[in-house]
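Q:
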Amino acid sequence: MAVASPNWQVYDLCNYDMQPSRSNSAERGNLRSLGAPRRSWLDAWQKEGMRRTVYAVVLCHFEEQPCLLLSDSLEASQSGVQPAWCRYRLLGGKVAPGESDIDCLNRKLRRCILRVDEKQSKCEWMVGEKLFTFWRPEFDEFVYPYLPSYVQRPKECISVYQVVLPHKCVLRSRPGCEIRSIPLTTIYKEGVSEFGKVISAIPQ
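If you number the sequence shown the way my numbering does, the last residue is 484 and the count never jumps.
1. Shortest alpha-carbon distance to F422 belongs to which of K477, S461, C384 and L371?
2. Between V290 and the rest of its own chain, which residues show a CB-CB distance below 7 Å, the 5 nearest in sequence each way excluded?
3. Classify E474 as helix, strand or coil using the three-state DSSP reduction.
4. Thinking just about the alpha-carbon of each residue, which of F419, R369, F412 and R318 is nearest to the one in S461?
5. I need the DSSP call for S480, collapsed to helix, strand or coil.
6. With a threshold of 16 other CB atoms inside 10 Å of the CB of P377, please say whether the residue is buried or exposed.
7. Here's the rule I'm using: 16 or more other beta-carbon atoms within 10 Å means buried, otherwise exposed. How should E485 be labelled?
8. For the candidate residues F419, I482, Y424 and D352, whose alpha-carbon lies nearest to that of R331?
9. Would you call the CB atoms of V407 and G372 closer than 8 Å?
10. Among S453, S480 and E458, which has the Cα closest to the Cα of T465?
11. Let me know the secondary structure DSSP gives L349 once reduced to three states.
12. How many angstroms separate the CA atom of K374 from the CA atom of E344?
13. What residues match up with I393 in a beta bridge as DSSP calls it?
14. With burial defined as no fewer than 16 other Cβ atoms inside 10 Å of the residue's Cβ, what is the status of E398: buried or exposed?
15. Under the rule that 16 or more other beta-carbon atoms within 10 Å means buried, what is P425, buried or exposed?
16. Would you check if the distance between the CB atom of C392 and the CB atom of L451 is smaller than 8 Å?
17. Measuring CB to CB, does L567 end up less than 8 Å from Y441?
18. For I482, which residues from the same chain have a beta carbon less than 8 Å from its beta carbon, with the 5 sequence-adjacent residues on both sides left out?
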């Protein structure tokens with residue numbers, strides 16, 4: 281997809297048709313233990329090195345308020361076991377070995393940004409500039425907006441990019457999730473305890 285211009289166009293929420301996933305399977309790995317990494321992550325880190333993750337900041341507006349589109353885990357919201365911020369995620373995911381950030385982000389977005397109908401000739405979003413980066417030094421929940429100097433082998437690099445949606449499209453959620461629009465004022469007010477460090481950094 282194209283690279284976004286500095287002018288960040290934001291459209292009304294009513295332009296977008298929110299649809300659930302067609303898969304009945306629950307999202308795997310969304311509620312991993314915060315005390316220790318999944319064995320698969322540890323094995324992958326030992327073989328491939330640092331995990332790279334890319335996320336999209338996708339905005340719309342509702343009643344003249346800017347809102348952020350987030351994936352809301354239904355399992356996390358109902359369990360009451362994990363911290364509140366475990367339930368929300370930005371759109372995106374893990375970068376495959378040898379894949380660029382932009383290619384990965386476009387691959388992930390193709391699964392959830394779809395044409396309204398066959399009459400719509402194309403459905404193009406635009407990936408813009410990188411907004412910020414967070415680092416995970418260890419296999420735990422702590423991430424930082426910088427890489428501490430003492431960390432030689434970080435476990436994860438999280439890159440967050442601007443993404444501009446088309447004027448109209450279908451937004452399809454991941455299995456076990458729904459896409460929600462959260463006002464930036466709510467994210468700013470509730471902060472890290474509700475949304476985690478990465479998402480709560482967006483309104484800053």
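Glycine included, C-beta positions come from ideal geometry on N, C-alpha and C.
A: Put simply:
1. K477
2. L339, C340, H341 and P346
3. helix
4. R369
5. helix
6. exposed
7. Limits of the chain in this structure are 281 at one end and 484 at the other, which puts residue 485 out of reach.
8. F419
9. no
10. S480
11. strand
12. 33 Å
13. L451
14. exposed
15. exposed
16. yes
17. An answer regarding residue 567 cannot be provided, because it is not within the stretch 281 to 484 covered by the chain.
18. V337, L348, L411, V440, L464 and I467
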